[in-house]
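Those sequence lines, one after another, are chains A and B.
Residue numbering for the first sequence follows numbering that gives the first Met the number 0, starting at 0 and increasing by one per position.
Residue numbering for the second sequence follows numbering that gives the first Met the number 0, starting at 0 and increasing by one per position.
For glycine and all other residues, C-beta sits at the position ideal for the given N, C-alpha and C.
These figures come from a predicted structure and were not determined experimentally.
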Amino acid sequence: MTISNRKFTLDIITYAALILGGLVMVGPFLWMISTAFKLPADQFTRTFIPNPATTENFEQLWTILPFGTLMWNSFKVASLTTIGQLLTCSMGAFVFAVVRFRFREVLFIALLGTLMIPYQVTIIPNFVIYKALGLYGTQVPLWLPAFMGGAFGTFLIRQYFLTIPLDLAEAARVDGASLIRIFWSIYLPLAKPALAALAVFSFLGSWNNLLTPLIYLPSDLQQTTLPVGLSLMQQQYSGKWTIMMAGSLISIAPIIVVFFFAQRFFIEGIALSGVKK
Amino acid sequence: MQAGLKPLGREKWWVLLLLLPTLVGLAFGAFGSVLATVGLSLFKWDLLTPPQFIGIQNFTDLATDTSFHEALSNTVRFSFTYVPLVIVSSLSVALLLNRKIHFVSFFRVVYFLPVVSSAVSVGLVWLWIYSRDTGLLNYIIVGLGGEPVRWLSEQNALFAVIIVNVWGAVGEGMIIFLAGLQGIPKDYYEAAQVDGATEWHLFRHITLPLITPSIFFQTIISTINAFQAFEYIYILTRRGSSSSSVPTLVYSIYRDGFNFFRMGSASAQALVLAAIIFILTLVYFRLQRRLVFYE
Chain A
0 MTISNRKFTL DIITYAALIL GGLVMVGPFL WMISTAFKLP ADQFTRTFIP NPATTENFEQ
60 LWTILPFGTL MWNSFKVASL TTIGQLLTCS MGAFVFAVVR FRFREVLFIA LLGTLMIPYQ
120 VTIIPNFVIY KALGLYGTQV PLWLPAFMGG AFGTFLIRQY FLTIPLDLAE AARVDGASLI
180 RIFWSIYLPL AKPALAALAV FSFLGSWNNL LTPLIYLPSD LQQTTLPVGL SLMQQQYSGK
240 WTIMMAGSLI SIAPIIVVFF FAQRFFIEGI ALSGVKK
Chain B
0 MQAGLKPLGR EKWWVLLLLL PTLVGLAFGA FGSVLATVGL SLFKWDLLTP PQFIGIQNFT
60 DLATDTSFHE ALSNTVRFSF TYVPLVIVSS LSVALLLNRK IHFVSFFRVV YFLPVVSSAV
120 SVGLVWLWIY SRDTGLLNYI IVGLGGEPVR WLSEQNALFA VIIVNVWGAV GEGMIIFLAG
180 LQGIPKDYYE AAQVDGATEW HLFRHITLPL ITPSIFFQTI ISTINAFQAF EYIYILTRRG
240 SSSSSVPTLV YSIYRDGFNF FRMGSASAQA LVLAAIIFIL TLVYFRLQRR LVFYE
């Protein structure tokens, strides 16, 4: 009797704490939505439900910034980044997991060693090189590095490839399949969960990235991405919160919608990377 | 002997092709860049006039540069507040979610939401919440009878930014800790309960030792994230076009490198940042031997 009473009390405390914490987590999002649908004149009313509700801010956004273009640019850069990572990381991962060759272990350790190199150390020489190549002010520096593999993605996929029994590849080999064939027809289809996790990371990382586009496309509204566009709007429209919240809402809406439908991939991807590291 | 398939005849070229992007990335993207940064740190260069070799002067200049000291001090204070807060809050949420309760996947989504959201968009909402005269937070404080706080003034901005960074990272830590907690065999708890252990004993002598590997992993990841934090700081503390009320090392690298085009000094600062992260990671791995429990 006392034990089940204790459990009941602890359960109540657990739910209360989780709900309170949950309100802190979603509160800013709710406030964003609430403000975005208020009339500019009503921005300082603290009522949660906008009265009257309006879509005026969203219509105005398009006259302030080329929002459609910014969104398309972000989408294009994030898609290219994702394709580049999926392709080149899985290629490298296959070689490290399945192919036997000299220097394999040394190369793999060198690759893992790059995890220790902070991003900030590489941005300066990269900037100098892209500028010398005449690519400053274009989108190329935002997605090209994704086509050069990378320790995180290669490691993630390789660990998954290692769970596929080698007998499968050996049997295909006996039947005369080439390495490329084994990669394409056996390993890639079987590694869908890991590929999905890497796709999510790559797309999100690129869509939300501020620093890289800020360096290469700090002010060109026809070329740059959403985060830079929003931060430029922050400077020009400071104090006009209804418009800024509408802009913020539009930039996160696509990600949130995808997140609600595919949250399994997002969350399991994080767990996959954490446990296997 | 390695396990694996041996490439036959012309297949060697295919293997090279598969590995080529990785090799290019290793040579140019990673190790080449580090060498280039070391090289650039020995020059004075504004990208317009030819670079001028000045030896280690960029580093000796940093030793007496007060704005660099300020950035360094902000970064260290940021990290040493942020890391414990993230660990404690995400571990707490994970422990709560690991009790046998309903709606676990709903709560997971709620706590994970900030992780997937653009820091710029969310940073703008926090700017609005923190705003001095009109913000939601001061409205609540005044409503409760308090005095309005200047959240983003120079005294408070560091703390305000840390809170937002913690808020944005709880979800990720929670997932890592949940995975760690679910890996603990149930019979450990059952055996201890038979012996009459209390909930606190279970936590102190089973849960805590067995998730030290997750805590270790999360501490390293959070420390690296803390030293590289940029986006919320950029949105919340920017004044004018390029200064900040609480500049951090990354902010200072960004400003010196890409606003003032002091490539040498920015390279030197990036190397200092890398050295700090490297040394801290080594220290953690040393401590790991004593503090982390592996089955």
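Excluding the five sequence neighbours on either side, which residues of its own chain have a C-beta within less than 8 Å of the C-beta of A274(B), listed in chain order?
The residue labelled residue 274(B) in the question sits at position 275 within the second sequence. Correct list: empty, nothing qualifies.
For the alpha helix (DSSP H) holding I200(B), just list the boundary residues, first then last.
On the second sequence, position 201 is the one that residue 200(B) refers to. Ile is not the amino acid found at residue 200(B); the sequence shown has His there. Run containing H200(B): 198-201, per the alpha helix (DSSP H) assignment.
Below 7 Å CB to CB, which residues in the same chain sit around A269(B) once its five sequence neighbours on both sides are set aside?
In the second sequence, counting from the first residue as 1, residue 269(B) sits at position 270. Result list for A269(B): T36, I252, in chain order.
Measuring alpha carbon to alpha carbon, tell me which residue in P164(A), W183(A), W206(A), G21(A) is nearest I255(A).
Residue mapping note: residue 255(A) aligns to position 256 of the first sequence, counting from 1. Comparing Cα-Cα distances from I255(A) to each of P164(A), W183(A), W206(A), G21(A), the minimum goes to W206(A).
Using a 10 Å radius around the Cβ and a threshold of 16 neighbouring Cβ atoms, would you call T153(A) buried or exposed?
For the purposes of this step, residue 153(A) is taken as residue 154 along the first sequence, with counting starting at 1. The residue in question, T153(A), is buried, as its Cβ has 16 or more Cβ neighbours within 10 Å.
Please determine if the region 65-78 of chain B and the region 146-153 of chain B are in contact, where contact requires at least 3 C-beta pairs separated by less than 8 Å.
With the cut-off at 8 Å, the region 65-78 of chain B and the region 146-153 of chain B do not touch.
With 9 Å as the threshold, decide whether the Cβ of Q42(A) is near any Cβ in chain B.
In the first sequence, residue 42(A) corresponds to position 43, counting from 1. Taking Cβ atoms only, chain B reaches closer than 9 Å to Q42(A), which makes this a yes.
Within the same chain, show all residues whose beta-carbon is closer than 8 Å to that of L47(B), passing over the 5 residues directly before and after it, in chain order.
In the second sequence, residue 47(B) corresponds to position 48, counting from 1. Answer for L47(B): F260, listed in chain order.
Which residues in chain B have a C-beta closer than 7 Å to the C-beta of W240(A)? List them in chain order.
Numbered from 1 along the first sequence, position 241 holds the residue referred to as residue 240(A). Result: W127.
Name the chain B residues whose beta carbon is nearer than 7 Å to that of F258(A)?
By one-based count along the first sequence, residue 258(A) stands at place 259. What F258(A) touches in chain B: V115.
Check K275(A) in the structure and name its three-state DSSP category.
Against the first sequence, residue 275(A) aligns to sequence position 276. Annotation note: pLDDT 43 at K275(A) (below 50); position unreliable, no value reported.
Identify whether K43(B) lies in helix, strand or coil by the three-state DSSP scheme.
Counted from its first residue, the second sequence places residue 43(B) at position 44. Here K43(B) sits in strand by DSSP.
Count the other CB atoms within 10 Å of the CB of R107(B); is the residue buried (16 or more) or exposed (fewer)?
The residue given as residue 107(B) occupies position 108 in the second sequence. The residue is buried, with at least 16 neighbouring Cβ atoms inside 10 Å.
Going by alpha carbons, who is nearest to Y236(A) out of A26(B), L123(B), G170(B)?
In the first sequence, residue 236(A) corresponds to position 237, counting from 1. Residue L123(B) is the option with its Cα nearest to Y236(A).
To be precise: take each residue of the region 211-243 of chain B, compare its Cβ to all Cβ atoms of chain A, and keep it if any distance is under 7 Å. Which residues remain?
Hits within the stretch, in order: F216, Q227, F229, E230, Y233, I234.
Mind listing the chain B neighbours of T162(A)? Cutoff is C-beta to C-beta under 8 Å, in chain order.
What you label residue 162(A) is simply residue 163 of the first sequence in a count that begins at 1. Per Cβ cutoff of 8 Å: no residues; T162(A) is ~13 Å from chain B at best.
By alpha-carbon positions, which one of A29(B), L22(B), V75(B) ends up nearest to Q227(B)?
If you number the second sequence from 1, residue 227(B) lands on position 228. Ranking the options by Cα distance to Q227(B), first place goes to V75(B).
Counting only the same chain and skipping the five closest in sequence on each side, list residues whose C-beta sits under 6 Å from that of V160(B).
Here residue 160(B) refers to the residue found at position 161 of the second sequence. Cβ neighbours of V160(B) beyond the five flanking positions: Y231, I232, L235.
Excluding the 5 residues flanking S221(B) on each side, which residues of the same chain have their C-beta closer than 8 Å to its C-beta?
Looking up residue 221(B) in the second sequence gives position 222. Same-chain partners within the cutoff: Y81, V82, V85, I86, A168, G172.
In chain order, what residues of the same chain have a beta carbon less than 7 Å from the beta carbon of F264(A), not counting five sequence neighbours either side?
Translated into the one-based positions of the first sequence, residue 264(A) becomes position 265. Within the same chain, F264(A) has close Cβ partners A195, A196, V199.
State buried or exposed for W30(A), treating a residue as buried only when at least 16 other CB atoms are found within 10 Å of its CB.
As a first step, residue 30(A) must be located in the first sequence, where it is residue number 31. Counting Cβ neighbours within 10 Å, W30(A) comes out buried, since at least 16 surround it.
Could you list which residues in chain B have their beta carbon closer than 7 Å to that of D287(A), in chain order?
As shown, chain A starts at 0 and ends at 276. That puts residue 287(A) outside it, with no answer to give.
In the DSSP assignment, find the unbroken alpha helix (DSSP H) run with F77(B) in it and report its ends.
Here residue 77(B) is taken as the residue at index 78 of the second sequence, counted from 1. F77(B) -> alpha helix (DSSP H) spans 65-97.
How long is the line joining the alpha carbons of N155(B) and T224(A), rounded to whole angstroms?
As a working note, residue 155(B) is residue 156 in the second sequence. As a working note, residue 224(A) is residue 225 in the first sequence. Each residue's Cα considered, the two are about 31 Å apart.
Within the same chain, show all residues whose beta-carbon is closer than 6 Å to that of K276(A), passing over the 5 residues directly before and after it, in chain order.
Numbered from its first residue, the first sequence carries residue 276(A) at position 277. Because K276(A) carries a pLDDT of 39, less than 50, the predicted location of this residue cannot be relied on, and no value is offered for it.
According to DSSP, is V148(B) part of a helix, a strand, or is it coil?
Within the second sequence, the letter at position 149 stands for residue 148(B). V148(B): coil per DSSP, three-state reduction.
Kindly list the residues whose CB is nearer than 7 Å to the CB of L64(A), restricted to its own chain and excluding five residues on each side of it in sequence; keep chain order.
Here the question's residue 64(A) lines up with position 65 in the first sequence. Here the set comprises L220, G228, M232.
Are the region 67-82 of chain A and the region 140-150 of chain A touching, with three or more C-beta to C-beta distances below 8 Å?
Because the criterion of three Cβ pairs below 8 Å is met, the region 67-82 of chain A and the region 140-150 of chain A touch.
Between which two residues does the alpha helix (DSSP H) carrying A274(B) extend?
Against the second sequence, residue 274(B) aligns to sequence position 275. 262-290 is the extent of the alpha helix (DSSP H) around A274(B).
Could you tell me the alpha carbon to alpha carbon distance between G83(A) and F52(B), rounded to whole angstroms?
Here residue 83(A) refers to the residue found at position 84 when the first sequence is read from its first residue. Here residue 52(B) refers to the residue found at position 53 when the second sequence is read from its first residue. Those two C-alpha atoms are separated by around 38 Å.
Buried or exposed: which applies to M0(A), given that a residue is buried once 16 or more other Cβ atoms fall within 10 Å of its Cβ?
For the purposes of this step, residue 0(A) is taken as the residue at position 1 of the first sequence. Any reading at M0(A) needs caution, since the residue's pLDDT is 48, under 50, leaving its predicted position unreliable; the model's value is listed next. Exposed, because fewer than 16 other Cβ atoms sit within 10 Å of the Cβ of M0(A).
Give the DSSP bridge partners of S242(B), in chain order.
Sequence index remark: in the second sequence, residue 242(B) carries index 243 (1-based). Its beta-bridge partners are R238(B).
Once you ignore the five residues that flank I48(A) on each side, which residues in its own chain have a CB closer than 8 Å to its CB?
Residue mapping note: residue 48(A) aligns to position 49 of the first sequence, counting from 1. Hits under 8 Å: S33.
For P51(A), does the count of other Cβ atoms within 10 angstroms reach 16, so buried, or fall short, so exposed?
Position 52 of the first sequence, counted from the first residue, corresponds to residue 51(A). Per the 10 Å Cβ criterion, exposed.
Could you tell me whether the Cβ of V274(A) comes closer than 9 Å to any Cβ of chain B?
Translated into positions along the first sequence, residue 274(A) becomes position 275. Note that V274(A) scores a pLDDT of 49, beneath 50, so its modelled location is shaky; the value from the coordinates is reported in the next line. Yes, contact with chain B.
Who does Q51(B) pair with in a DSSP beta bridge?
Reading the second sequence from its first residue, position 52 is the one you call residue 51(B). In DSSP, Q51(B) forms a bridge with K43(B).
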